[in-house]
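Colleague: The opening residue of the sequence shown carries number 188 in my numbering; numbering runs sequentially from there.
We put the CB at the ideal spot given by N, CA and C, even for glycine.
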Amino acid sequence: MIRVQRPATAPAVLSKGHAETARWVTDVRAHPAAHRAGAKKVTFDETIYRDPSVKQVLVQAQHEKCAFCESNFARVSYGDVEHFRPKGGIRQRRRGALRRPGYYWLAYVWENLLVSCELCNRRFKRNWFPLEHRSTRVRGPKGDLSRERPLLVNPAVDDPAASITFHEHRAVAVAGAPRGRSSIRGYGLNRRTLLTARRRVIDAIEVLLDAIEELPGDHPTVIKAEDFLRRMTAASEEYSAMVRAYLNQRRSSVLPPP
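1) Less than 9 Å between the C-beta atoms of Ala428 and Ala348, yes or no?
2) In chain order, what residues of the same chain have a beta carbon less than 7 Å from the beta carbon of Arg418, not counting five sequence neighbours either side?
3) Could you have a look at Leu318 and say whether DSSP puts it in helix, strand or coil?
4) Please state whether the Cβ-Cβ distance between Arg378 and Phe271 is less than 9 Å.
5) Which of the three DSSP states is assigned to Pro251 in this structure?
6) Spell out the partners DSSP gives Phe353 in its beta bridges.
7) Got a sec? Which residues, its chain only, sit under 8 Å from Arg309 by beta carbon, not counting five neighbours each side?
8) DSSP beta-bridge partners for Arg278?
9) Identify whether Asn435 lies in helix, strand or coil by the three-state DSSP scheme.
10) Going by C-alpha to C-alpha distance, which of Gly289, Ser264 and Ile235 sits closest to Arg223?
11) Could you please give the first and the last residue of the uninterrupted beta strand (DSSP E) stretch that includes His218?
12) Looking at C-beta atoms only, is the number of pairs between the region 389-408 and the region 324-335 that lie closer than 8 Å three or more?
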């Protein structure tokens with residue numbers, strides 16, 4: 188996972204959700220028990236936050252990669268517009284009760300949107316949104332979200348490298364950080380298919396490093412290998428966070444300065 192540089196200006200289409208959000212805020216305040224019990228449910232207009240003008244900006248900002256696992260989803264799927272704070276309901280524990288409603292007033296808020304692969308979003312994260320202190324959970328639009336301390340890393344706000352690093356191809360929490368552990372689990376960052384894909388990248392790096400170590404520094408193969416390794420650390424490349432961490436651990440001179 189790497190930092191996502193999401194553009195500051197929200198796509199204009201998201202403003203179409205303002206009136207609907209205001210209606211639901213009024214309804215939830217008028218019927219809180221019914222919404223908590225699920226007798227009444229907030230509904231959302233998916234055509235707004237899934238509009239191409241929203242999704243394309245996010246996809247470009249994320250280099251066609253999942254915000255969480257850094258897999259290039261564009262080759263095999265369209266990706267999901269993901270709400271970092273779940274809109275429909277919330278689980279504090281992975282297998283705990285679903286609390287309704289969720290952060291429904293953030294459904295069309297630009298700062299709450301990312302693009303993820305289907306596995307990270309639908310199979311792993313889903314409605315799970317644990318906080319360090321559940322008592323700080325915001326229940327409505329007048330609450331102060333800055334008081335919450337989510338145990339999931341938000342790559343558009345946080346520096347993922349402060350919480351998550353890699354031991355070879357496996358994601359590990361930095362110094363056992365709770366946010367790192369929760370994020371690795373919550374986004375499925377060590378699922379089998381990811382481990383296999385990242386292992387292949389490590390194997391390729393090893394071949395390149397062997398060439399660099401065995402040949403003279405001015406050899407054309409060495410120059411090409413060093414250039415290729417530098418490109419693998421770019422934000423646009425798959426699993427670039429793992430590549431950077433691995434080259435740091437190998438103390439490779441090809442890693443660009445931060």
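Modeller: This is what the structure gives:
1) yes
2) Glu424
3) strand
4) no
5) Note on identity: in this sequence residue 251 is Glu, with Pro being the wrong assignment. Looking at Glu251 - three-state DSSP - the assignment turns out to be coil, as it is neither helix nor strand.
6) Ala358
7) Asp267
8) Trp315
9) helix
10) Gly289
11) That residue, His218, is in no beta strand (DSSP E); it is neither H nor E in DSSP.
12) no
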